[in-house]
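The opening position of the sequence shown corresponds to residue 71 in our numbering, with each subsequent residue numbered one higher. Beta carbons: idealized from backbone N, C-alpha and C, even for Gly. Following: one structure in structure tokens, then a few remarks.
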Amino acid sequence: MQEDNPHIIFSDAYSNLLSFSYAEDSSVQKNFAYIFGQGKGDERKRTTYCEGDEPTYLDRYEVYVDADDISETEQVEGETVPIPEEQYIALLKTRGSEKLVDPKTASESEIAADSTQYVYNRDYFVGDCVTVQHRRFGMIQPRAQLIGMIEAFDQNGRSLTPTFKDT
């Protein structure tokens, strides 16, 4: 969001992206719930729950919820009264919504950038947002924030390895 320096793009197309690794984990997401209430066998109350449109095929991550502890009856003035079917199903759906895990995708990337085109601490700084793209993977991170720079010195000279966080 500054105007002093040009926007920095690290890309294999510009020959300033030496190496690139990317990992993504979406194994924790659950977006469809089968909820089973009280009863035995075919008599067991059951329903399903999802937010929005029902996911299909590979977009569907299911979880089975045992809600046997939700009673089909309630105490009213000392008497045991059955809960209406619609109200009981609503209770089961509420339990199902509690067990869903919002789709979260954890991703991280590491790159090794060639420092001859852009100069660290002159053209870009820690905290700047840059673009990282890799044509082979079709991977583009349009707003990756530079959160750290690893500076190393060895017999080959100085090397810089930026660390990014998706924004």
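Asked, Found
"Leu19 and Val133 look like a contact to me (Cβ under 8 Å); what is the Cβ gap, rounded to whole Å?", "Absent from the structure is residue 19, since the part of the chain shown begins at 71 and ends at 237."
"Nearest by alpha-carbon distance to Tyr127: which of Arg114, Phe102, Ile153 is it?", "Phe102"
"Tyr131 and Gly166 - do their beta-carbons sit closer together than 8 Å?", "no"
"Once you ignore the five residues that flank Lys235 on each side, which residues in its own chain have a CB closer than 8 Å to its CB?", "Ala214, Gln215, Ile217"
"Does the distance from the CB of Asp136 to the CB of Phe106 come in under 8 Å?", "yes"
"Taking C-beta to C-beta, are Ile78 and Asp198 nearer than 8 Å?", "yes"
"Name the DSSP beta bridge partners of Pro232, please?", "Met219"
"Go through its chain and collect everything with a Cβ distance to Ala109's Cβ below 6 Å, but skip five positions before and after it.", "Looking at the sequence provided, one finds Gly at residue 109 rather than Ala. Lys115."
"For Thr201 versus Ile220, is the C-beta spacing smaller than 8 Å?", "no"
"State the Cα-Cα distance for the pair Glu149 and Thr143, rounded to the nearest angstrom.", "10 Å"
"Taking Lys229 as the reference, which of Val189, Arg205, His204 has the closest Cα?", "The displayed chain sequence assigns Ser, not Lys, to residue 229. Minimum Cα distance to Ser229 is reached at Val189."
"Assuming the contact rule is C-beta atoms closer than 8 Å, Ile153 and Thr117 should be a hit. Round their C-beta distance to whole Å, please.", "The pair is not a contact, with the Cβ atoms about 14 Å apart (cut-off 8 Å)."
"Applying the 10 Å Cβ sphere with the 16-neighbour rule, what's the burial state of Tyr194?", "buried"
"Apart from the five residues just before and just after Asp138, which ones in its own chain have a Cβ nearer than 8 Å to its Cβ?", "Phe106, Gly107, Gln108"
"Taking the C-alpha atoms as reference points, what is the distance between His204 and Glu155?", "55 Å"
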